[in-house]
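Note that the sequence shown covers residues 1 to 132 in this note's numbering. Virtual Cβ for every residue (Gly too), placed ideally from N, Cα, C. It should be emphasised that the depicted structure is a prediction, and the values quoted were computed from it without experimental measurement.
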Amino acid sequence: MITWVRGETISDRSQHRGADTGAPVTALFGHDCLRPTDSGHAHPGRVCPKLGGCLACPGLIVPIDPDHLARIVQATWHLEAARERIDPIRFGLFYAPSLQVLTQDLLPAFPPEMMPDAERLMCALPSLPDLE
Numbered sequence: 001m002i003t004w005v006r007g008e009t010i011s012d013r014s015q016h017r018g019a020d021t022g023a024p025v026t027a028l029f030g031h032d033c034l035r036p037t038d039s040g041h042a043h044p045g046r047v048c049p050k051l052g053g054c055l056a057c058p059g060l061i062v063p064i065d066p067d068h069l070a071r072i073v074q075a076t077w078h079l080e081a082a083r084e085r086i087d088p089i090r091f092g093l094f095y096a097p098s099l100q101v102l103t104q105d106l107l108p109a110f111p112p113e114m115m116p117d118a119e120r121l122m123c124a125l126p127s128l129p130d131l132e
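Shown next as structure tokens:
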């Protein structure tokens, strides 16, 4: 994530990385995962154990700007709407941890005065996939 924040190019990244991990994985919350596979130390070539649970990644960096706030609010609303129609046990196992991180850890970091800009930007964001 640090590489993504710094804006390093693919050629810059190749100097820091071991085996090629392929194309970046786009995550639900608008950041790219630079290492979707294990770094090669413990389990070479295995998928990262945090993949799909990117909010639990220790390398997650979320810039405090309206674009990221829009994505976080969109994801929060999407998860809250899904909670009403998904089996409660399934929601609790798969989606509740992400919703908790969004609402208790990430959203409080954003200043309230940024919300109107974020809400305007949400209209232009692509729809999120249905959760099952």
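Setting aside the 5 residues that flank it on each side, Met114 is surrounded in the same chain by Pro66, Leu69, each with a C-beta closer than 6 Å to its C-beta; the list follows chain order. Within the model, the alpha-carbon separation for Glu80 versus Tyr95 is close to 10 Å. Scanning its chain for C-beta atoms nearer than 6 Å, with the 5 sequence neighbours on each side dropped, one finds around Met122 the residues Ala70, Gln74, in chain order. For the pair Val101 and Ile72, the Cα-to-Cα distance works out to about 10 Å. Beta-carbon to beta-carbon, Ala82 and Leu125 are separated by about 17 Å, too far to satisfy the 8 Å threshold.
Within the same chain, Thr76 come within 8 Å of Thr103 by CB-CB distance, once the 5 residues on both sides are set aside. Cα atoms of Asp117 and Pro111: separation of roughly 11 Å, rounded to the nearest angstrom. Taking the Cα positions, Leu106 is about 24 Å away from Ile89. Pro111 carries a coil assignment under DSSP once its states are collapsed to helix, strand and coil. Under the 10 Å beta carbon count, Ser127 is surrounded by fewer than 16 other beta carbons and is classified as exposed. Annotated three-state conformation of Ile89 is helix, per DSSP.
Following the DSSP letters along the chain, one finds Ala96 inside the alpha helix (DSSP H) bounded by residues 96 to 100.
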